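S.K.: Note that our numbering numbers the sequence shown so that position 167 is 168, with each residue one more than the last. Just so it is clear, CB atoms sit at the ideal spot from N, CA and C, and this is done for glycine as well. Quick caveat: nothing in here was measured; it's all calculated off a predicted structure. Could you have a look at this structure, given as structure tokens, before my questions?
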Amino acid sequence: MPDRRAAGASECSGTGHLAADLRREPDQEGFAQRGGIDRGAGRADHRGSADQPVPAHQARRLPVRCLAVPATAHRARLTGERAARGGAQVDDRARAAIHRLRLQAPAGWQRPRGFDPVPPDPGGHRWGARVDGPGLALQGENLGYKRLGLTVLLVFISKSLLAVAAYLGWGVPGLAVADLTGTVLWGVAYVYIAKSRVGWFGIGRPRFDEIRGFIALSWWFLLWNLVITVMIASDVVVLGIAGSPQLVTTYTLARFVPQAIVVAVATIIFAIMPGLGGLVGVGDLPRAIKIRNETMSLVWLFSIATGAAILIWEESFLRLWVGPQYYPGAATMLMIVLSVLQFSLIRTDTNIIDLTLDLRHKTELGAFSAALSVVLGWLFLGPFHRGIIGLVIGFILGRMIQSIGYPFMIGRMLGIPPEDQLRGVIRPALATAAIFVVGTARGKVVHAHSWAVLVLGGGMSATAVAVLAYFGGLSESMRRTVWRRLRKVVRLV
2 MPDRRAAGAS
12 ECSGTGHLAA
22 DLRREPDQEG
32 FAQRGGIDRG
42 AGRADHRGSA
52 DQPVPAHQAR
62 RLPVRCLAVP
72 ATAHRARLTG
82 ERAARGGAQV
92 DDRARAAIHR
102 LRLQAPAGWQ
112 RPRGFDPVPP
122 DPGGHRWGAR
132 VDGPGLALQG
142 ENLGYKRLGL
152 TVLLVFISKS
162 LLAVAAYLGW
172 GVPGLAVADL
182 TGTVLWGVAY
192 VYIAKSRVGW
202 FGIGRPRFDE
212 IRGFIALSWW
222 FLLWNLVITV
232 MIASDVVVLG
242 IAGSPQLVTT
252 YTLARFVPQA
262 IVVAVATIIF
272 AIMPGLGGLV
282 GVGDLPRAIK
292 IRNETMSLVW
302 LFSIATGAAI
312 LIWEESFLRL
322 WVGPQYYPGA
332 ATMLMIVLSV
342 LQFSLIRTDT
352 NIIDLTLDLR
362 HKTELGAFSA
372 ALSVVLGWLF
382 LGPFHRGIIG
392 LVIGFILGRM
402 IQSIGYPFMI
412 GRMLGIPPED
422 QLRGVIRPAL
432 ATAAIFVVGT
442 ARGKVVHAHS
452 WAVLVLGGGM
462 SATAVAVLAY
472 FGGLSESMRR
482 TVWRRLRKVV
492 RLV
């Protein structure tokens, strides 16, 4: 039996021969019989088989991406070993490496040496994915859906720990312990899933050149994390500096429900949506465009439904929870809900841009937008004395750079003309304006005097608004697409 080192290296060199295997003429049915691809499992087999044909247009595109594999250095040395093995089946580790390449190659990014799927010794480790963490390892293998049910359970457990600590009166130390416990549970769960689903996952000591190559890429991820932190938390900081503690309290309580609901909805949507990475990796841009539009429509639909319910019932919620004095007003709540909706759509676009690894332009644009948001928020709050509503308007105006710039970046990536994107925004924008105006007006006259009425009324309002937005804000083709997706989710649950 050949040793594992020779086997792994041979299969890596075999990737470089995909061009020869797949560059064959298709048969009469339009399939290339040499070179099978199993998309469902994210695997590629350079030998192929007649019972697993590949569409010819995909077979022609794949070799270009496979040639980017840093396996050329192994090819001459391992040709004899590959022939001796007789073209044995590619093992799971090489298949995973080929699949990861298909996600990365379209962006023109050449993988550094440290990410070579076949190390020079049998005990080598795939250190890069380990640095990224178990969660990103699952995403890189298109196995993020494996954590779907567990993610929901962990959210419930971690938040319940915080609620219990607050209810028992343990103060800030108790909340810190509860938060730390929840974080440890998340880490343990992710490590367990990654170890059981990703064969190459583990811990190893990297070389210095590997660390340097990884930092060259992760630097932009670090900067983006700083930008996203500024986008999320800087409004409270500005309000505390240029405003007063009372304004901070009112604003924090008023935006609690909008942020909590939208974040939860976005988490569920991204968990159930199919990955765009594989579609972009194989050059299937029409399907990638369809999935992107579907994702944006779902985010918009759920955000509109929950946002309108918040506009109607927020005053009742705050009055039952902490007292009527913390309600900032109908106009201010409208701006807060619009700000949360804007941020949800921006975050959706940034996740799509990440697939291209165009981190520099995304981060630079985001940093400029975040800085402008802080300046405008302070300007409206301080010198102009517009209070909370001025702060929120300033941040909305500052983020308009991202709301405009990111869709155009995605349009260039996926080949979507700007005029098509503009036409697609008109109908949802009009529906948003109409629904939010009506919701704001209803919030002034609707009042709930018990939690039961509030929960029941909020659920009914969100359902009714979702139906109105579904028919009023989405085109007929998008309604069919969204309906099919929702039916699949119901069957999954």
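Evaluate contact between the region 324 to 343 and the region 282 to 297, counting only Cβ atoms and requiring at least three cross-stretch pairs below 8 Å.
M.R.: At 8 Å Cβ cutoff, the stretches do not touch.
S.K.: So, at 8 Å on beta carbons, what are the nonlocal neighbours of A463 in its own chain, with the 5 sequence-adjacent residues on each side left out?
M.R.: Residue numbering aside, residue 463 sits at position 462 when the sequence shown is read from its first letter. A306, T307, A309 and A310.
S.K.: Which residue from R206, V393 and L475 puts its Cα closest to that of S235?
M.R.: Here residue 235 is taken as the residue at index 234 of the sequence shown, counted from 1. The residue with the shortest Cα to Cα distance from S235 is V393.
S.K.: Determine, using beta-carbon pairs with one atom in the region 337 to 353 and one in the region 201 to 218, whether at least three such pairs fall under 8 Å.
M.R.: At 8 Å Cβ cutoff, the stretches do not touch.
S.K.: Ends of the alpha helix (DSSP H) at K445?
M.R.: Locating residue 445 in the sequence shown gives position 444, where the first residue counts as 1. Per DSSP, K445 belongs to no alpha helix (DSSP H) and is neither H nor E.
S.K.: Scan the region 154 to 222 and note each continuous alpha helix (DSSP H) run of 4 residues or more that stays entirely inside, going in chain order.
M.R.: Complete alpha helix (DSSP H) runs here, min 4: 172 to 198.
S.K.: Taking 8 Å as the cut-off, decide whether the C-beta atoms of A190 and L224 are in contact.
M.R.: Taking the sequence shown and counting its residues from 1, one reaches residue 190 at position 189. Taking the sequence shown and counting its residues from 1, one reaches residue 224 at position 223. Not a contact, by the Cβ cut-off of 8 Å.
S.K.: For S476, which of helix, strand or coil comes out of DSSP?
M.R.: Looking up residue 476 in the sequence shown gives position 475. Note: S476 maps to coil in three-state DSSP.
S.K.: Rounded to whole angstroms, what's the CA-CA distance from E1 to W187? Just pull it up for me.
M.R.: In the structure as shown, the chain begins at 2 and stops at 494. Residue 1 is therefore absent and cannot be evaluated.
S.K.: Could you spell out the range, first to last residue, of the alpha helix (DSSP H) harbouring H362?
M.R.: On the sequence shown, residue 362 is found 361 positions in, with the first residue counted as 1. Its alpha helix (DSSP H) spans residues L360 to L382.
S.K.: Please classify R488: does DSSP put it in a helix, a strand, or coil?
M.R.: For the purposes of this step, residue 488 is taken as residue 487 along the sequence shown, with counting starting at 1. If DSSP states are grouped into helix, strand and coil, R488 belongs with the helices.
S.K.: Could you give the residue range of the alpha helix (DSSP H) that holds T253?
M.R.: Looking up residue 253 in the sequence shown gives position 252. Here the alpha helix (DSSP H) through T253 covers P246 to A255.
S.K.: Straight-line CA distance for I313 to I436?
M.R.: Your numbering for residue 313 matches position 312 in the sequence shown. Your numbering for residue 436 matches position 435 in the sequence shown. Approximately 11 Å, taken between the alpha carbons.
S.K.: Applying the criterion that 16 or more other CB atoms from any shown protein chain within 10 Å of the CB defines a buried residue, is Y252 buried or exposed?
M.R.: For the purposes of this step, residue 252 is taken as residue 251 along the sequence shown, with counting starting at 1. Flag for Y252 reads buried.
S.K.: If contacts are defined as beta-carbon pairs under 8 Å, then D355 and I411 qualify, I think. What distance do you get, rounded to the angstrom?
M.R.: In the sequence shown, residue 355 corresponds to position 354, counting from 1. In the sequence shown, residue 411 corresponds to position 410, counting from 1. About 11 Å separates the two Cβ atoms, so there is no contact after all.
S.K.: Taking the alpha carbon of V483 as the reference point, which residue from W220, T296, T184 and G170 has its own alpha carbon closest?
M.R.: Stepping through the sequence shown from its first residue, residue 483 is reached at position 482. Considering only alpha carbons, the answer is T296.
S.K.: For the region 358 to 365 and the region 404 to 418, state whether three or more C-beta atom pairs, one from each stretch, are separated by less than 8 Å.
M.R.: Yes, the region 358 to 365 touches the region 404 to 418.
S.K.: Can you tell me whether DSSP reads Y471 as helix, strand or coil?
M.R.: The residue labelled residue 471 in the question sits at position 470 within the sequence shown. Helix, per DSSP.
S.K.: Measure from the alpha carbon of S304 to the alpha carbon of each residue in P259, K196 and P325, then state which is nearest.
M.R.: Here residue 304 refers to the residue found at position 303 of the sequence shown. When each option's Cα is compared against that of S304, the closest is P259.
S.K.: Helix, strand or coil, according to DSSP, for R428 in the structure here?
M.R.: Counting from one through the sequence shown, the residue named residue 428 turns up at place 427. In the structure shown, R428 sits in a helix (DSSP, three-state: H, G or I).
S.K.: Which same chain residues, not among the five before or five after T182, have their C-beta less than 7 Å away from its C-beta?
M.R.: Taking the first residue of the sequence shown as 1, we reach residue 182 at position 181. These residues qualify, in order along the chain: L162.
S.K.: In three-state DSSP terms, what is P418?
M.R.: Taking the first residue of the sequence shown as 1, we reach residue 418 at position 417. Coil at P418, not helix or strand.
S.K.: Going by Cα to Cα distance, which pick from G367, R443 and L431 is closest to F301?
M.R.: For the purposes of this step, residue 301 is taken as the residue at position 300 of the sequence shown. The sequence given here has Trp at residue 301, not Phe. Closest option to W301, Cα to Cα, is L431.
S.K.: In whole angstroms, give me the CA-to-CA distance for V454 and L299.
M.R.: By one-based count along the sequence shown, residue 454 stands at place 453. By one-based count along the sequence shown, residue 299 stands at place 298. Spanning the two alpha carbons is a distance of roughly 28 Å.
S.K.: Does the count of Cβ pairs from the region 380 to 393 and the region 440 to 455 closer than 8 Å reach three?
M.R.: No, the region 380 to 393 does not touch the region 440 to 455.
S.K.: Buried or exposed: where does R461 fall if 16 or more other Cβ atoms within 10 Å of its Cβ makes it buried?
M.R.: Taking the sequence shown and counting its residues from 1, the one referred to as residue 461 is at position 460. The sequence given here places Met at residue 461; Arg does not occur at that position. By the neighbour-count rule (16 or more Cβ atoms within 10 Å), M461 is not buried but exposed.
S.K.: Quick check: the Cα distance between P384 and G395, rounded to an integer number of angstroms?
M.R.: For the purposes of this step, residue 384 is identified with residue 383 of the sequence shown, where counting begins at 1. For the purposes of this step, residue 395 is identified with residue 394 of the sequence shown, where counting begins at 1. Approximately 12 Å, taken between the alpha carbons.
S.K.: Measure the beta-carbon distance from R256 to I337 and round it to whole angstroms, keeping in mind my assumption that it falls under 8 Å.
M.R.: The sequence position of residue 256 within the sequence shown is 255, counting from 1. The sequence position of residue 337 within the sequence shown is 336, counting from 1. Confirmed, about 5 Å.
S.K.: Taking the alpha carbon of S374 as the reference point, which residue from D359, I397 and P429 has its own alpha carbon closest?
M.R.: By one-based count along the sequence shown, residue 374 stands at place 373. The shortest Cα separation from S374 among D359, I397 and P429 belongs to I397.
S.K.: Within 10 Å of its beta-carbon, does R166 have 16 or more other beta-carbons around it, so buried, or fewer, so exposed?
M.R.: As a first step, residue 166 must be located in the sequence shown, where it is residue number 165. It should be pointed out that residue 166 corresponds to Ala in this sequence rather than to Arg. Label assigned to A166: buried.
S.K.: Quick test of your reading: A465 and S317, contact by CB under 8 Å. State the CB separation rounded to the nearest angstrom.
M.R.: Sequence index remark: in the sequence shown, residue 465 carries index 464 (1-based). Sequence index remark: in the sequence shown, residue 317 carries index 316 (1-based). Contact flag wrong, Cβ pair sits at about 17 Å.
S.K.: Would you report the Cα separation of V456 and I262, rounded to the nearest angstrom?
M.R.: Start at 1 with the first residue of the sequence shown, and residue 456 comes out as number 455. Start at 1 with the first residue of the sequence shown, and residue 262 comes out as number 261. Looking at the two C-alpha atoms, the distance is approximately 14 Å.
S.K.: Go through its chain and collect everything with a Cβ distance to D52's Cβ below 8 Å, but skip five positions before and after it.
M.R.: Your numbering for residue 52 matches position 51 in the sequence shown. For D52, the pLDDT reaches just 39, beneath the cut-off of 50, and the residue's location in the model is therefore unreliable, although a value from the coordinates is still provided. Here the set comprises nothing.
S.K.: Suppose contacts are defined by Cβ-Cβ distances below 8 Å. Is G474 in contact with R413 by that definition?
M.R.: The count along the sequence shown starts at 1 and reaches residue 474 at position 473. The count along the sequence shown starts at 1 and reaches residue 413 at position 412. Result no, Cβ atoms of G474 and R413 do not sit closer than 8 Å.
S.K.: Let me know the secondary structure DSSP gives Q111 once reduced to three states.
M.R.: Residue 111 sits at position 110 when you count from the first residue of the sequence shown. For Q111, the predicted structure reports a pLDDT of 35, less than 50, and the residue's modelled location is therefore unreliable. A value from the coordinates is still provided. Reduced to three states, the DSSP call for Q111 is coil.
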